[in-house]
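Have a look at the structure below before the remarks.
There are 2 protein chains.
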Amino acid sequence: MPRRPDPERLAAWRLLLEAHAAVVDRLGRELEAECGLPLTWYDVLLQLSSAPEGRLRMRDLARAVLLSRSGLTRLVDRMETAGMVCREAHPSDGRGANAVLTPAGRAALRRAAPVHLRGIDAHFARHLSDADAAALGDALSRVVAAERDPA
Amino acid sequence: MPRRPDPERLAAWRLLLEAHAAVVDRLGRELEAECGLPLTWYDVLLQLSSAPEGRLRMRDLARAVLLSRSGLTRLVDRMETAGMVCREAHPSDGRGANAVLTPAGRAALRRAAPVHLRGIDAHFARHLSDADAAALGDALSRVVAAERDPA
DNA sequence: TGCCAGTAGTTGTTCCTGCAACGACCATGC
DNA sequence: GCATGGTCGTTGCAGGAACAACTACTGGCA
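Protein sequences appear in the order of chains A and B.
If you're matching positions, the first sequence starts at 244 in my numbering and goes up one per residue.
If you're matching positions, the second sequence starts at 244 in my numbering and goes up one per residue.
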């Protein structure tokens, strides 16, 4: 017989869906309004800036920003047109390409980060007690890990 | 000065994004593969079935499934073509329309529900302790409530 | 009664995404 | 050397979503 989640956990799942939708929507709008920057662009800039030398292989960047390879190709196209990233051939793998953060991209991230972090605090973090944050981190990291390793 | 979330809460936010993406993607694929039903369709069927008489105003349904009004119009178009819902004029408000669950829609939901619930258990609920579930529900309901009431 | 701001649902348009397919390239086998 | 299977990034294509404009209707007010 199929295992079903109990009502408490089912409600938790539903709440996760609602909270995600509400907060992502809000953060996206705020970032767009105050910095003219889509959330996906911010994510790319952030991932690149926290990578060594501000560059990342397309494949790895796609994984980091939770996008398909083709999706990332178009996204980097747009951001390259906007001058925030550029491409370079991979030094050792002839198939590969790196996306590289440009100074303009770094500047955009510096402008956007305070806005986004303030939003995360106001719309999410502020409502979590220390215990909540710990439990959430614990539980969700197990969920993510289980999905990564189809053990 | 702008308030910034501490690293622990920031990590929790990031994990929520990753868990949401991973689990929604997985659940959607499983439902599509085993029942030929997109996740959004399931959500519509579920909301309708839990409404009195299996009918809901378009506006309310749109809110319930976290979609824009225009998005819901097209979605109901597709589902109506598939015979799972139908529209009827609202009895008292000449502007309004109700989406109504058909027998076929009810049957599809009955087939899909076990699959989906099993998935929620396997990919999400199973990884939560009782305390985790309680903390998650508590915290996320506060987040959602705060977003609903711009207090 | 007639007017009119507000709301409901639909439609046109545009944007973004994933899938499938493709050429280029790597790596391992013979 | 060179075939072969696999990976990387890109592209054609189709589907789904949001925004804004539009029509139809409501409800309050003079």
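No residue lacks a Cβ here, since even glycine has one placed at the ideal position from N, Cα and C.
Treat the numbers as computed from the prediction; the structure is a model and nothing was measured.
Chain B places a beta carbon closer than 8 Å to that of residue 390 (chain A), counting this residue as a contact. The C-beta of residue 287 (chain B) comes no closer than 8 Å to any C-beta of chain A.
When the five nearest sequence neighbours on each side are left out, the beta carbons in the same chain lying within less than 6 Å of the beta carbon of residue 271 (chain A) are those of 282, in order along the chain. When rounded, the separation of the alpha-carbon atoms in residue 261 (chain B) and residue 334 (chain B) is 44 Å. Residue 388 (chain B) is positioned such that its CB atom lies no closer than 8 Å to that of residue 379 (chain A).
Scanning chain A for C-beta atoms nearer than 8 Å to the C-beta of residue 320 (chain B) yields nothing, as the closest lies near 22 Å away. Neighbours of residue 384 (chain A) in chain B, taken as residues whose beta carbon is under 7 Å from its own, are 258 in chain order. With a minimum length of 3 residues, the unbroken runs of beta strand (DSSP E) contained wholly in the region 285-346 of chain A fall at 298-300, 328-332 and 340-344. With a 10 Å radius around the Cβ and a threshold of 16 neighbouring Cβ atoms, residue 382 (chain A) comes out buried. Within its own chain, the residues whose Cβ lies closer than 7 Å to the Cβ of residue 367 (chain B), once the five positions on either side in sequence are excluded, are 266, listed in chain order. Distance from the Cα of residue 274 (chain B) is smallest, within the candidate group B:355, B:392 and B:264, for B:355.
A distance below 8 Å separates the beta carbons of residue 301 (chain A) and residue 312 (chain A).
DSSP places residue 372 (chain A) outside both helix and strand once states are collapsed to three, so it counts as coil. Residue state for residue 392 (chain B) is assigned as coil, using DSSP reduced to three classes.
For residue 258 (chain B), the uninterrupted alpha helix (DSSP H) run begins and ends at 250-278, by DSSP.
The Cβ-Cβ distance between residue 280 (chain A) and residue 351 (chain A) falls below 8 Å. Interface flag for residue 380 (chain B) against chain A is set, since a Cβ pair is found closer than 8 Å.
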